[in-house]
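In this text, residue positions in the sequence shown follow the working numbering: the first is -1, and each later residue adds one.
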Amino acid sequence: MTAIARDAVASDHLVYAWPFPIGPDEYEVACSEDELVVMCPSWMVGDRLGPGRHRWRTPDPMRPVAAFFVLTAPVEVSFDMTTMFVIPMTGQPVRLRASGSLQVRCADPGLLIAQFVGLPFDRINDGVLRSVGRSVERMLARLLIRRVVMAGTPLAVTDPGMLPGIIEELVAYNPTAGAVFGVELIRMGHLTIAADDGSNPYLHLPQGDWSNGQLHTPNGDAHSYAAAAQVAQRHGNVSLVETARGRPGSVPGHEHVRPVPQSSPEIMPPGSYGPTTPLPGQPPTVAAGEIRPRAKSPHEEPPPLPPPPQYLAHVEMPRSNEDITQPGVQSPVPGAMRFAAGSSYGRDELQSEARGVIVGIGMSPVGASSSVSGEIGHKVPPGARVLVPGPNGLMQSATVRQLLQGYYELEVGHSGETIWVPINGVVPEH
């Protein structure tokens, strides 16, 4: 009798499809404690077999049969999203990157399998996890953009004190609602947020410590640490290679270290200046090649330099509040804010040849529309199709997602990426 069981390589997959054909004979189906097997004869969801061993035969021998192993234990899904926009109030470009993970589980195996049974999919598990990750990224991007736009500064999302509130609001919105059906959120694993102005080619994330002060060693690597401990007990010293792998460095004696002449007097080898008095509450340990500050007299210490001035892009604003929407007021183009602080290179060219780019909010200057000051334009409802100017100057179709403070959130094409455009920068499709 042929047995049907999950492959050991796919033991952590949320959905594992049996790759071999199932004929009209009787089969033995083996299911572990934390999974279910959904049998699908004739492209329909059939029997659901729980943990244990079962004997199963197809009710329709003339039609094909598929078997799907669905894991009921929690599965970790990671995500990494990057979005860029412009703050409307200040014209400051902001690029946000958020990376993290969450745990999900299958709430309804039959509903989950019914969405793709009979379809020629090969990597079903990767598609399900990717669907969950994209749903979380879309929800998190909207949440972070709204917080930054309302506060007017990226510190509203990068401040560590704001992280618990962001996670609580994200969980309250159910970020897995846009994923495939039958999957529910259990808990958030971790979340790291970073921001810059988009001038660097890559946005690095800060290295957060999620271990709560505990040292977690890789699985199956305990013997290497035990061997390193035995070497340390025999010899008393540990090389820098072992120190770099996670073990604390030992303090070498004065007879084993020879002072090396340095070009700078601030860098001193351990033991060359004699023992020092440790601070209270700290162990008297010294790492090899420690950098110590040189004691300076009050006469040698120069006065502190003033902080460098921060230059912002020049934006002409009206002198009164009555002519804010006049055509003479120019709004900065998002591409003009990508120069470093204090740099004036290319500013004249961008002011003379200002072109809107489809990267975020503020695509057209203030007062560029033909509407009268104070006139309320026609609002396009969510889900409608509009036309927006593209990077090449041609109009392209987009879908309205939401309207927030005079700006539309648009999805260009079917890519899932959203942009923010002013309310007067779109043309409804008729």
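Beta carbons: idealized from backbone N, C-alpha and C, even for Gly.
- Taken in chain order, the unbroken stretches of beta strand (DSSP E) that lie wholly in the region 39 to 65 and span 3 residues or more are 50 to 54.
- Runs of the beta strand (DSSP E) lying entirely within the region 369 to 414 and spanning at least 3 residues, in chain order: 383 to 387, 393 to 402, 405 to 410.
- Partner residues in the beta bridge of L69, as assigned by DSSP, are E33.
- The beta carbon of S97 sits closer than 6 Å to the beta carbons of D78, T190, L203 from its chain, once the five residues preceding and following it are set aside; these are given in chain order.
- Contact check between the region 48 to 66 and the region 148 to 160: fewer than three CB pairs, one atom from each, fall below 8 Å, which does not count as touching.
- Of all alpha-carbon atoms in E415, G131, T151, the one lying nearest the alpha-carbon of T88 is that of T151.
- An exposed status is given to W41, since fewer than 16 other beta-carbon atoms sit within 10 Å of its beta-carbon.
- Between the C-alpha atoms of P19 and T70 there is a straight-line separation of about 24 Å.
- Inter-residue distance for G108 and V43 is about 7 Å (C-alpha atoms, whole angstroms).
- Within the same chain, and ignoring the five residues on either side of P49 in sequence, the residues whose Cβ sits closer than 7 Å to its Cβ are C29, S30, E31.
- The region 407 to 421 makes contact with the region 385 to 398: 3 or more CB pairs, one atom from each, lie closer than 8 Å.
- With contacts defined by Cβ atoms closer than 8 Å, V68 and M37 do not form a contacting pair.
- By the neighbour-count criterion, in which a residue is buried when 16 or more other Cβ atoms sit within 10 angstroms of its Cβ, I184 is exposed.
- Using a Cβ distance threshold of 8 Å, T81 and L201 do not count as a contacting pair.
- Each residue's CA atom was taken as its position, placing E26 and A8 some 19 Å apart.
- For D195, the three-state secondary structure derived from DSSP is coil.
- Here M(-1) is exposed: its Cβ has fewer than 16 other Cβ atoms, across all protein chains shown, within 10 Å.
- The beta carbon of P22 lies closer than 7 Å to those of T56, P59 in the same chain, with the five residues before and after it left out.
- Spanning the alpha carbons of G196 and A177 requires a straight line of approximately 29 Å.
- In this structure, E167 places its C-beta atom within 8 Å of the C-beta atom of L141.
- When secondary structure is reduced to three states using DSSP, P420 falls in the strand class.
- The shortest CA-to-CA distance from E182 to any of V386, V384, V75 is the one to V75.
- Shortest Cα-Cα distance from V115 to any of H11, W16, A154 involves W16.
- Annotation for P72: Q101, R103, I184 place their beta carbon closer than 6 Å to its own, counting only its chain and skipping 5 residues before and after.
- Taking a C-beta distance under 8 Å as the contact criterion, V378 and V424 qualify as a contact pair.
- A straight line joining the alpha-carbon of A6 with that of P426 spans about 54 Å.
- Cα atoms of D10 and V126: separation of roughly 13 Å, rounded to the nearest angstrom.
- For I2, the beta-bridge partners assigned by DSSP are V27.
- For G98, no alpha helix (DSSP H) encloses it; the enclosing beta strand (DSSP E) starts and ends at 91 to 104.
- The Cβ-Cβ distance between V146 and A154 falls below 8 Å.
- A193 and L94 have their C-alpha atoms spaced approximately 5 Å apart.
- Here G180 is not near D124, since their CB atoms are 8 Å or more apart.
- Shown here, T190 sits in a strand according to DSSP, grouped into three states.
- With contacts defined as CB atoms closer than 8 Å, I2 and A65 qualify as a contacting pair.
- The three-state reading of DSSP puts L183 in strand, counting E and B together.
- With contacts defined by Cβ atoms closer than 8 Å, E24 and R53 form a contacting pair.
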